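Visitor: Taken in sequence, the protein lines are chains G and P.
Once you know that position 60 of the first sequence is 1282 in this note's numbering, the rest is easy, because the numbers rise by one and skip nothing.
Once you know that position 143 of the second sequence is 133 in this note's numbering, the rest is easy, because the numbers rise by one and skip nothing.
Idealized CB from N, CA, C, for every residue including glycine.
Here the structure is a predicted model, which means the values were calculated and not measured.
After the structure tokens below, expect a handful of questions from me.
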Amino acid sequence: MSFVAHLINGISLGSVYALIALGYTMVYGIAKMLNFAHGDVIMIGGYVVFVTASSLGINPLAAIIVSMAACTLLGVTIERVAYRPLRGASPLAVLITAIGVSYLLQNVALLVFGSDTKAFSNVVTLPNLELFGGQLIIKSVTIVTVIVSIIIMVGLTLFVKKTKIGRAMTAVSEDQGAAQLMGINVNGTIAVTFAIGSSLAAVAGVLLCSAYPSLTPYTGSMPGIKAFVAAVFGGIGSIPGAFIGGILLGVIENLSKAYISSQLADAIVFSILIIVLLVKPTGLLGKKVLEKV
Amino acid sequence: MKKRMLSLVLAGVMTAALLTGCGDSAGSDAGSADGAAEETTEAAETEVSEETAGDDAAAEDSSAEASGDSAGGTFKIGGIGPLTGSNAVYGIAAMNGSQIAVDEINAAGGINGMTVELNFQDDETDSEKSVNAYNALKDWGVQVLDGCVTSACSIAVSAKTAEDNIFQLTPSGSAVECVANPNSFRICFSDPNQGVASAQYIGEHSLATKVAVIYDSSDVYSSGIYEKFVTEAESQSFEVVTAGAFTADNKTDFSVQLQQAKDAGADLVFLPIYYNEAALILKQAADMGFEVKFFGCDGLDGILGVKNFDASLTEGVMLLTPFAADATDDLTVQFVTTYEEKFNETPNQFAADGYDAIYTIKAAAEKAGITADMSNEEICAAMQTAMTEITVDGLTGEGITWDASGEPTKEPKAVVIKDGVYTAM
Chain G
1223 MSFVAHLING ISLGSVYALI ALGYTMVYGI AKMLNFAHGD VIMIGGYVVF
1273 VTASSLGINP LAAIIVSMAA CTLLGVTIER VAYRPLRGAS PLAVLITAIG
1323 VSYLLQNVAL LVFGSDTKAF SNVVTLPNLE LFGGQLIIKS VTIVTVIVSI
1373 IIMVGLTLFV KKTKIGRAMT AVSEDQGAAQ LMGINVNGTI AVTFAIGSSL
1423 AAVAGVLLCS AYPSLTPYTG SMPGIKAFVA AVFGGIGSIP GAFIGGILLG
1473 VIENLSKAYI SSQLADAIVF SILIIVLLVK PTGLLGKKVL EKV
Chain P
-9 MKKRMLSLVL AGVMTAALLT GCGDSAGSDA GSADGAAEET TEAAETEVSE
41 ETAGDDAAAE DSSAEASGDS AGGTFKIGGI GPLTGSNAVY GIAAMNGSQI
91 AVDEINAAGG INGMTVELNF QDDETDSEKS VNAYNALKDW GVQVLDGCVT
141 SACSIAVSAK TAEDNIFQLT PSGSAVECVA NPNSFRICFS DPNQGVASAQ
191 YIGEHSLATK VAVIYDSSDV YSSGIYEKFV TEAESQSFEV VTAGAFTADN
241 KTDFSVQLQQ AKDAGADLVF LPIYYNEAAL ILKQAADMGF EVKFFGCDGL
291 DGILGVKNFD ASLTEGVMLL TPFAADATDD LTVQFVTTYE EKFNETPNQF
341 AADGYDAIYT IKAAAEKAGI TADMSNEEIC AAMQTAMTEI TVDGLTGEGI
391 TWDASGEPTK EPKAVVIKDG VYTAM
């Protein structure tokens, strides 16, 4: 029974990673850049809900929509101000800028909200699921997170495959120059990608803070890094890969906490990143890219 | 062209990051002022003006103190603690408690005729910032240090005070190393003592037969208590069934540690940790339907002050703390009334530690016959000897005495949270 409980807790943690990883992989898959500020956009999303729902007393669902709008705006602004001018620059420069943006967001949050921990009230008010006469309790927020992750995963896959703008995204990811020659607005397409990725970050932020109700300016950084590992694990750029990678990572983290060492859990998680990169550099579901000579 | 753009943007980002970095402390100062009572804002403002005045005085020479307003001159006590940041509850409480003591002493004629001035600086629980705060206090002309409030900062600063021969009394720095130097003393219990006292308390009052521990292995305070607790538990009537560690990077999800405790049939969970993580643990235990007793140390003090936290979860939580706000002795009643009037809050243990620290400094200074014209070296040496000779009846214990090691001797007390207030057990 305790194994099942650990497994469910792992899925609970993993579903949050999966949700964050979807945003990471979305941006990487299309814009071919690692947006390290993603975790901090999540944190901002959490604060927006905290301020609107807890302090102003707005309905939590409305607060989530406000937060999604705010994060979309933030994501598009970051893309326009920090990343677009570097479109042709080396990937390293963009990566460093992303780290800079990440610190910028953390410090702005520190300035505006202060560094004391805020207790976040759970926006998922459904009752918990009790099994086997209360021996096993599955939190409603876990169920909601898993369902939301699956819906977003399916939705994104369909969006990229079926819609015009989605196919434009695929084209941009294959070859920006050629896409532009075919009449695709590359900047616009990437901006839309960031808009979608950031609104997902808002949802992830709300569910992260509902599951683990503490909010600080650094709330997003560690889950952000773990979700990045999850995205690499599942195959960065692959939407279903991010979901699977996230869930697996959460389960591995919790089981190693339970059965190996609670202090070594993080070390084990990051060792997985190294092993995956050594054995299968493209991740579980990653596409093999053939180098043309 | 592209390169120039790149370097411009990078430079821009870095400058922005730098600016936010610098603006940070000023901004969070403002944040603390928002969070704390209005009086704190006023105190902070007067502090600033005192500080500038102090700077001038220090620039002239330390003898400028002779030009102080009262006949006996001024006695400058510096304080350091987190006034902003995640442990701000401790620092603000210690500052407020110290301030009440200073006001009372000044109203009653000061120490040896000297007016006491308190300058309390913020360190955000960061050792480096703490040393910076200490340097600022030195520029101000500090004579005795009331700090730091937290252990790691206290250790960092005590290396400096030992070098400079400045007497240091930490109200609540509980790590062993805080009082390693001969010039440093403390008001609170040390971590090992808390671990031993907790184990004895649980054993002697038969609170549990199976105890689970959840502690932060990356924190010296938490792991220090944990180790002593486990050692002492061997000679007590209960057994430690699980010990779940977590680290600073992994402190939001406690489902595994709680599940292990539940599976092991623990009837009490010992939490030698700070209140932020404890708040999460209480929430997650309630979510998973784990009904158990919780017992903590002084780090749990402050859990009632977490913003937006469902205080009903803390019902029945026990903690070892030398101060209970509902005690009925005259000293406590008077202190609590004054504190509530001034700061609109029930004082916690840190406020009491701060209050006792100032009165201990007063007792030692009177015993040592400190006068305003003594140098810091003379003050330090005289205070050091006097500390071992005095007995203080304070809020945190009666008949507190010190030996040369800097450790206080007093009885531990436990409180339980009932209807959202600390109640003596």
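1) Considering only the alpha carbon of each residue, which of P:F219, P:E153, P:V246, P:D253 lies closest to S261 (chain P)?
2) DSSP state of F175 (chain P), grouped into three classes?
3) Quick one: is V1334 (chain G) buried, meaning 16 or more other Cβ sit within 10 Å of its Cβ, or exposed?
4) Given a cut-off of 8 Å on the beta-carbon distance, is the pair F110 (chain P) and L135 (chain P) in contact?
5) Any idea if P1349 (chain G) is buried or exposed, counting beta-carbon neighbours within 10 angstroms, 16 or more meaning buried?
6) Mind checking which residues open and close the alpha helix (DSSP H) that includes D181 (chain P)?
7) Strictly under 8 Å for the Cβ-Cβ distance: is Q1398 (chain G) near chain P by that measure?
8) Determine the extent of the alpha helix (DSSP H) in which L1351 (chain G) is found, giving its start and end residues.
9) Compile a chain-ordered list of the residues in the region 291 to 305 of chain P whose CB is closer than 8 Å to at least one CB of chain G.
10) Along chain G, which residues have their Cβ under 9 Å away from the Cβ of V203 (chain P)?
11) State the Cα-Cα distance for the pair D116 (chain P) and A142 (chain P), rounded to the nearest angstrom.
12) May I have the straight-line CA-CA distance separating A235 (chain P) from L1486 (chain G), to the nearest angstrom?
13) Are the region 1229 to 1246 of chain G and the region 1383 to 1402 of chain G in contact at 8 Å, needing three or more beta carbon pairs?
14) 8 Å is my cut-off, CB to CB: does A1426 (chain G) come that close to chain P?
15) Between G1472 (chain G) and N173 (chain P), what straight-line distance do the alpha-carbon atoms span, to the nearest angstrom?
16) For the alpha helix (DSSP H) containing T304 (chain P), name the first residue and the last one.
17) Cα separation between D409 (chain P) and S302 (chain P)?
18) With F1450 (chain G) as the anchor, note down where its alpha helix (DSSP H) starts and where it stops.
19) How is V139 (chain P) classed by DSSP in three states: helix, strand or coil?
20) I'd like to check one pair, A165 (chain P) with F340 (chain P): are the Cβ atoms closer than 8 Å?
21) For T375 (chain P), tell me which candidate among P:A358, P:G100, P:E330 has the shortest Cα-Cα distance.
22) With a CB to CB cut of under 7 Å and the five nearest residues on each side skipped, what residues in its chain are close to I1365 (chain G)?
23) So who's on the other strand from M1265 (chain G), going by DSSP bridges?
24) From the DSSP output, which residues share a beta bridge with F260 (chain P)?
25) Mind checking if Q247 (chain P) is an interface residue toward chain G, Cβ cutoff 8 Å exclusive?
26) Can you look up E1301 (chain G) in the DSSP assignment and give me helix, strand or coil?
27) Of the residues G:L1229, G:I1230, G:T1274, G:M1248, which one's Cα is nearest the Cα of T1392 (chain G)?
28) Could one say the Cβ of G410 (chain P) lies closer than 8 Å to chain G's Cβ atoms, at least one of them?
29) Taking only runs of the alpha helix (DSSP H) that begin and end inside the region 108 to 140 of chain P, which ones reach a length of at least 4 residues, in chain order?
30) For G384 (chain P) and Y349 (chain P), what's the separation of their Cα atoms in angstroms?
31) Assuming the contact rule is C-beta atoms closer than 8 Å, F244 (chain P) and M377 (chain P) should be a hit. Round their C-beta distance to whole Å, please.
32) Tell me whether the beta-carbon of A187 (chain P) lies closer than 8 Å to the beta-carbon of L310 (chain P).
33) Express the C-alpha separation of T381 (chain P) and T399 (chain P) in angstroms, rounding to a whole number.
34) Identify each residue in the region 316 to 341 of chain P for which the Cβ-Cβ distance to at least one residue of chain G is less than 7 Å, and report them in chain order.
35) Give a yes or no on whether 8 Å exceeds the smallest Cβ distance from M1265 (chain G) to chain P.
36) Where does P312 (chain P) sit, in a helix, a strand or coil, going by DSSP?
Guide: This is what the structure gives:
1) The residue asked about is misnamed: residue 261 (chain P) is Leu in this sequence, not Ser. Across the set P:F219, P:E153, P:V246, P:D253, the C-alpha of P:F219 shows the shortest separation from the C-alpha of L261 (chain P).
2) In this structure, F175 (chain P) counts as strand in the three-state DSSP scheme.
3) exposed
4) no
5) Under this definition P1349 (chain G) is an exposed residue.
6) 181 to 194
7) no
8) No alpha helix (DSSP H) holds L1351 (chain G); the beta strand (DSSP E) holding it covers 1351 to 1353.
9) The residues in question are V296, K297, N298, F299, D300.
10) Within 9 Å Cβ-Cβ: nothing; V203 (chain P) doesn't reach chain G, min ~12 Å.
11) 8 Å
12) Within the model, the alpha-carbon separation for A235 (chain P) versus L1486 (chain G) is close to 10 Å.
13) no
14) no
15) 49 Å
16) Careful: T304 (chain P) lies outside any alpha helix (DSSP H) and carries neither H nor E.
17) So the two alpha carbons sit approximately 8 Å from each other.
18) Run containing F1450 (chain G): 1443 to 1456, per the alpha helix (DSSP H) assignment.
19) coil
20) no
21) Looking at the Cα atoms, P:A358 is the closest of the given residues.
22) The answer, listed in chain order, is L1351.
23) When beta bridges are read from the DSSP output, M1265 (chain G) appears opposite no residue.
24) P:V203, P:F285
25) The beta carbon of Q247 (chain P) falls within 8 Å of a beta carbon belonging to chain G, placing the residue at that interface.
26) helix
27) Answer by Cα proximity: G:M1248.
28) no
29) 117 to 130
30) 8 Å
31) 41 Å between Cβ atoms; not a contact.
32) yes
33) 10 Å
34) none
35) Not flagged as an interface residue toward chain P: M1265 (chain G), since no C-beta distance is shorter than 8 Å.
36) coil
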